[in-house]
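Protein chains in written order, with UniProt numbering: chain C, 1 to 338; chain S, 1 to 314; chain V, 1 to 331.
Built from N, CA and C at the ideal position, the CB exists for glycine as well.
A short worksheet on the structure shown next.
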Amino acid sequence: MSEHPLLSVRDLKVDFPTRRGTLKAIDGISFDIARGEILGVVGESGAGKSLTGSAIIGLLEPPGRISGGEVRLKGDRIDNLPAKAMRHIRGKRIGMIFQDPLTSLNPLFTIGEQIVETIMAHLPVSEREARERAVHLLDEVGIPAASQRLGAYPHQFSGGMRQRVVIALALCAEPELVIADEPTTALDVSVQAQIIRLLKRICRDHGASVMLITHDMGVIAETCDRVAVMYSGRIAEIGPVADVVRAPRHPYTIGLMGAIPTLDATEDRLTQIPGSMPRLDAIPSGCAFNPRCAHVFARCRQERPEPIDVGSSKVACWLAEEDGSRTIVDKKKADQLS
Amino acid sequence: MTEMASPRTAATSRIARLLDSDILHSFLRSKVTIAAAFLTLLFFAGAIFAPIVAPHDPFDLAGISILDARLPPAWMEGGDARFLLGTDDQGRDVFSAILYGSRISLAVGFMSVILAATVGILLGLTAGYMGGRIDAFIMRIAEVQLTFPAILIALLIDGAARGIFGNLDREKYVFWILVFSISLSLWVQFARTVRGSTLVERGKEYVQAARLIGIPPFLIMIRHVLPNVLGPALVIATINLALAIITEATLSFLGVGVPPTQPSLGTLIRIGNDFLFSGEWWIAIFPGAALALLVLAVNLLGDWLRDALNPKLR
Amino acid sequence: MPPVVEVSNLSRTFDVSKPWLNRVLERAPKAYLKAAQDISFSIGKGETFALVGESGSGKSTVAKMVVGLLAASEGEIRIDGVDMRKSRNTAAMRGLRRRIQMIFQDPYASLNPRWRVDRIIAEPIRAFGLERGEQAISARVGELLELVRLNPRDGAKYPHEFSGGQRQRICIARALASRPEFIVCDEPTSALDVSVQAQILNLMRDLQDEFGLTYLFISHDLAVVRHMAARIGVMYLGRLVEVAKAGELFGNPQHPYTRMLLEAIPDLNMTGRPRKAVEGEIPNPINPPPGCSFHPRCPLANERCRIERPAFLTRQPATGVACHAVEEGRA
Numbered sequence: 001m002s003e004h005p006l007l008s009v010r011d012l013k014v015d016f017p018t019r020r021g022t023l024k025a026i027d028g029i030s031f032d033i034a035r036g037e038i039l040g041v042v043g044e045s046g047a048g049k050s051l052t053g054s055a056i057i058g059l060l061e062p063p064g065r066i067s068g069g070e071v072r073l074k075g076d077r078i079d080n081l082p083a084k085a086m087r088h089i090r091g092k093r094i095g096m097i098f099q100d101p102l103t104s105l106n107p108l109f110t111i112g113e114q115i116v117e118t119i120m121a122h123l124p125v126s127e128r129e130a131r132e133r134a135v136h137l138l139d140e141v142g143i144p145a146a147s148q149r150l151g152a153y154p155h156q157f158s159g160g161m162r163q164r165v166v167i168a169l170a171l172c173a174e175p176e177l178v179i180a181d182e183p184t185t186a187l188d189v190s191v192q193a194q195i196i197r198l199l200k201r202i203c204r205d206h207g208a209s210v211m212l213i214t215h216d217m218g219v220i221a222e223t224c225d226r227v228a229v230m231y232s233g234r235i236a237e238i239g240p241v242a243d244v245v246r247a248p249r250h251p252y253t254i255g256l257m258g259a260i261p262t263l264d265a266t267e268d269r270l271t272q273i274p275g276s277m278p279r280l281d282a283i284p285s286g287c288a289f290n291p292r293c294a295h296v297f298a299r300c301r302q303e304r305p306e307p308i309d310v311g312s313s314k315v316a317c318w319l320a321e322e323d324g325s326r327t328i329v330d331k332k333k334a335d336q337l338s
Numbered sequence: 001m002t003e004m005a006s007p008r009t010a011a012t013s014r015i016a017r018l019l020d021s022d023i024l025h026s027f028l029r030s031k032v033t034i035a036a037a038f039l040t041l042l043f044f045a046g047a048i049f050a051p052i053v054a055p056h057d058p059f060d061l062a063g064i065s066i067l068d069a070r071l072p073p074a075w076m077e078g079g080d081a082r083f084l085l086g087t088d089d090q091g092r093d094v095f096s097a098i099l100y101g102s103r104i105s106l107a108v109g110f111m112s113v114i115l116a117a118t119v120g121i122l123l124g125l126t127a128g129y130m131g132g133r134i135d136a137f138i139m140r141i142a143e144v145q146l147t148f149p150a151i152l153i154a155l156l157i158d159g160a161a162r163g164i165f166g167n168l169d170r171e172k173y174v175f176w177i178l179v180f181s182i183s184l185s186l187w188v189q190f191a192r193t194v195r196g197s198t199l200v201e202r203g204k205e206y207v208q209a210a211r212l213i214g215i216p217p218f219l220i221m222i223r224h225v226l227p228n229v230l231g232p233a234l235v236i237a238t239i240n241l242a243l244a245i246i247t248e249a250t251l252s253f254l255g256v257g258v259p260p261t262q263p264s265l266g267t268l269i270r271i272g273n274d275f276l277f278s279g280e281w282w283i284a285i286f287p288g289a290a291l292a293l294l295v296l297a298v299n300l301l302g303d304w305l306r307d308a309l310n311p312k313l314r
Numbered sequence: 001m002p003p004v005v006e007v008s009n010l011s012r013t014f015d016v017s018k019p020w021l022n023r024v025l026e027r028a029p030k031a032y033l034k035a036a037q038d039i040s041f042s043i044g045k046g047e048t049f050a051l052v053g054e055s056g057s058g059k060s061t062v063a064k065m066v067v068g069l070l071a072a073s074e075g076e077i078r079i080d081g082v083d084m085r086k087s088r089n090t091a092a093m094r095g096l097r098r099r100i101q102m103i104f105q106d107p108y109a110s111l112n113p114r115w116r117v118d119r120i121i122a123e124p125i126r127a128f129g130l131e132r133g134e135q136a137i138s139a140r141v142g143e144l145l146e147l148v149r150l151n152p153r154d155g156a157k158y159p160h161e162f163s164g165g166q167r168q169r170i171c172i173a174r175a176l177a178s179r180p181e182f183i184v185c186d187e188p189t190s191a192l193d194v195s196v197q198a199q200i201l202n203l204m205r206d207l208q209d210e211f212g213l214t215y216l217f218i219s220h221d222l223a224v225v226r227h228m229a230a231r232i233g234v235m236y237l238g239r240l241v242e243v244a245k246a247g248e249l250f251g252n253p254q255h256p257y258t259r260m261l262l263e264a265i266p267d268l269n270m271t272g273r274p275r276k277a278v279e280g281e282i283p284n285p286i287n288p289p290p291g292c293s294f295h296p297r298c299p300l301a302n303e304r305c306r307i308e309r310p311a312f313l314t315r316q317p318a319t320g321v322a323c324h325a326v327e328e329g330r331a
């Protein structure tokens, strides 16, 4: 058992059949999440990062469907489980945090009722124990006077406090994995930092792994151990967060890092990647990034690159294959090139 | 840099866009909708071309004979091949009467909806865009209007019209009295829906952009907001067409509608009602079935249109 | 050089009371939201002045008042010395309107979905009668599309055929159509992806250089503001708490709230610099705390901060801070 990673995704594909043809929203992605690890999944809108999360927890919106590959939780396949078995895994073994706290909380029940109900649904405890546990959890996520707030309804909390409640709810059955989809996007800057810190601390305390889906590279850099950069439903680059952030190797990641305005930057112009991500019905052949890539050559237009090992990362780029050393470009060099 | 604006879709002609549109596709996918549309078209064609299609002219006194009165449908014993669905008490062909009756029913329905939609959309647009006291004033009137049932209003107006024009002249105006009273009860729904959509659109930034360059409110309402709130109004118009036809039939059935000399479907049912228990069931049942089919078909079309125009339900 | 835009003591109050009947039955008093209070700043020609703040800070309210979409409750706005409020008469107002434009936040809501792009861009040209004849108008529209790096043929398409970044370019083309001098940019890139945001920000800078535009830049993103603005005003609960040159603000922030905002930004360079934890949330703006509205979250707050509202201390021309702790040298 123990040789299995906590979560293992292999060649996962998600299709959306439409009358104009099948859209490949996720096209063969593979990654692992180790026990206690925080994996960031970053990408721009339409890259398929949220769909990856939904596919893993079996909540794809129809007509979307998993059309290939497999998802294993501690070695057991979970992508082909019946709906009932999957419902048990969600909440018990995989906790979920969404962007809008109000989608996770029922406005008609007090937060105490919701947390106690979730605990009792998944753990063999009495109602009293469940209540104690709920108070303890709320205290842990920084809700002041937790025992008195059990009877409060979601709308009586501020946005940041609500997201804290959702984190408590996601962790109340001691899940092994927490999937957090843009957990801070709807919050104010000063609250975002608090929630990110809380999420990181509490998952470490509870020994839960985290899959953190976000468009914000800053959040990834602060929080994650490893990061997967997605583009057009594929993983462009995956590796230790320090490597990807400081020395990105895929031309897309290089461009993305250069495009982020930073506080100490004084240069007049930001690095810009021309164009925008292709629509799902017009993904170019070969490497999906090739029309926007400054280093494109013939092979990129014909063959799709598979992720290959470069240092401690995996990079899906023909440049990495051609000459592993050539792609190790720093940001400055990338600026000159583009 | 110019190539960045990739010609993702070349500007296509309107026809090509329609053929490729989701609306057409969703129409072709639903068999019920196709059947409903076919039925509606059949009624429209029958109504418009009634003088050509109908085997008899039920209003031509020279063409009808009292001797042919109360004949059962053609396939029954004692039926006459000339009168497919039988005849009424005055010897008029029921099938022809239905065609001519649909004509009046549909005309009243269409005119009522057009009048109600025009008034309702303009008032809703004004209320939603201007807000404040104008909004409060228009919507209070709409609420008061809602407390009176359509039939009651029609009876009141009819009574008033009788008082003013007298019973004889009434026949000349009865069509417009019906249209007026039915649309009076229908405009509120248009106004409310359009006001709601207008409130949403007014808050959008394209309206602010137009305000910014000093486009006057009236032009913003007509040019910018109106085209974007017509979708929901179209759905209501379709469903209200069915409602208007039913209301007209009800009024005619109660005797405040069109006179028996120019019968609508409702009038036909009323005439037939007197003979329902004396065995001549066809005089009431066939116009009744026609009315039910027409209203059902139009309602199904309206339901489909609502779903097709609402991307969330697709 | 006199400033192009001068805003002094600008305030806006919204009546957020419940309907009359509810107030009578529930004995609730009237409720007012002071969205912006006592805002003063000026922008020089060709300068970019930024207003940053979190939700409820009133930055968008200020933007709307400056362009004239929202009437100010108090205070005045002068554009080139002309008082916006007093020049309600048509001729002066029309001239002023042409010179002020706005770029909006949501590129999906800021273009009329039923209009073709060329008609959208031509609307300001027609409204101000800037070109004569259809041919001249369409030539100008093509020129504007090229200016924002789009293809002139794109004018025949509808907005839904474009991506978010391309739509924002169309919005910029529309804003430029009246040949404005001053553009208010209300979170122009917050709905866009990072790589597209870089394109738009670069484009806005290029256009500023080309036409000598003056920008009022509204954003919640300090890094974007750092990149775009020469001077920055920080807003909290409807008030300006600090105005400083960009370098000063990031190198030597004065107000405790500015410092907190800077602490909250994720560290992309992973330098591992020690950071103070940010605490608390923004209070309800309908019932702001008395005294300095930041005092419940402020590590430097004392009795005076809880009672007395700090005045805005002007330091050098056009910068300043509103904080007792800074004034008393406790900061």
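- For V241(C), DSSP records no beta bridge to any residue.
- Residue contact with chain V for Y206(S): present (Cβ-Cβ distance below 7 Å to some residue of chain V).
- Residues of the region 26-59 of chain V with a C-beta less than 7 Å from any C-beta of chain C: E54, S55, listed in chain order.
- Here the C-alpha atom of A116(S) lies approximately 39 Å from the C-alpha atom of V67(V).
- Taking a 10 Å sphere around the C-beta of G53(V), we find 16 or more other C-beta atoms and assign the residue as buried.
- Under DSSP, L23(C) shares a beta bridge with F16(C).
- Measuring C-alpha to C-alpha distances from E117(C) to each of T223(C), A228(C), R133(C) identifies R133(C) as the nearest.
- For the region 11-22 of chain C, there are no residues whose beta carbon sits under 9 Å from a beta carbon of chain V.
- Listed as beta-bridge partners of F41(V) by DSSP are V7(V).
- Residue R70(S) holds the alpha-carbon nearest to the alpha-carbon of S278(S) among R70(S), G91(S), R82(S), F110(S).
- Not flagged as an interface residue toward chain C: A139(V), since no C-beta distance is shorter than 7 Å.
- A Cβ-Cβ separation of about 5 Å places I33(C) in contact with S209(C) under the 8 Å criterion.
- Judged by DSSP in its simplified three-state form, R92(S) adopts coil rather than helix or strand.
- Closer than 7 Å to the CB of S73(V) there is not a single CB belonging to chain S.
- With 16 or more other Cβ atoms from the protein chains shown falling within 10 Å of its own Cβ, V227(C) counts as buried.
- For I64(S), the three-state secondary structure derived from DSSP is coil.
- Chain C has no Cβ within less than 7 Å of the Cβ of G133(V).
- Under the Cβ criterion of 7 Å, I23(S) is not counted among the residues facing chain V.
- Note: R77(C) is bridge-paired with R72(C) in the DSSP secondary-structure output.
- Using beta-carbon distances, I52(S) does not count as an interface residue toward chain V, since no partner is under 7 Å.
- Closest option to V207(S), judged by alpha-carbon separation, among G196(S), P216(S), I220(S): I220(S).
- Of the other Cβ atoms in all chains shown, 16 or more fall within 10 Å of the Cβ of G272(S); this residue is therefore buried.
- By the C-beta criterion, the region 232-239 of chain V is judged to be in contact with the region 36-46 of chain V, since at least 3 inter-stretch pairs fall below 8 Å.
- Residues G164, G165 of the same chain have their beta carbon placed closer than 8 Å to that of D193(V), with the five preceding and five following residues left out of the count.
- Taking a Cβ-Cβ cut-off of 8 Å, Q163(C) has no neighbours in chain V, whose nearest Cβ is about 11 Å from it.
- Taking 4 residues as the minimum length, the alpha helix (DSSP H) runs contained wholly in the region 145-184 of chain V are 164-176, in order along the chain.
- Taking all protein chains in view, the Cβ of N252(V) is surrounded by fewer than 16 other Cβ atoms within 10 Å, so the residue is classified as exposed.
- By the beta-carbon neighbour count (other beta carbons within 10 angstroms, threshold 16), I213(S) is buried.
- Here V207(S) carries a helix assignment [DSSP, helix/strand/coil].
- A straight line joining the alpha-carbon of P175(C) with that of R292(C) spans about 41 Å.
- About 18 Å separates the beta carbon of I236(S) from that of L294(S), a gap too long to meet the 8 Å contact definition.
- Think of a sphere of 7 Å around the beta carbon of D106(V): the chain S residues whose beta carbon falls inside it are E205, in chain order.
- Take S67(C), set aside five residues on each side of it, and the residues of its chain with a beta-carbon closer than 6 Å to its own are K13, D15, in chain order.
- Residue burial annotation: Q194(C) is buried, with at least 16 other C-beta atoms found within 10 angstroms of its C-beta.
- Looking at the DSSP output, K34(V) bridges to T13(V).
- For A221(C), same chain residues with a beta-carbon under 8 Å away, outside a window of 5 residues either side, are V241, V245 in chain order.
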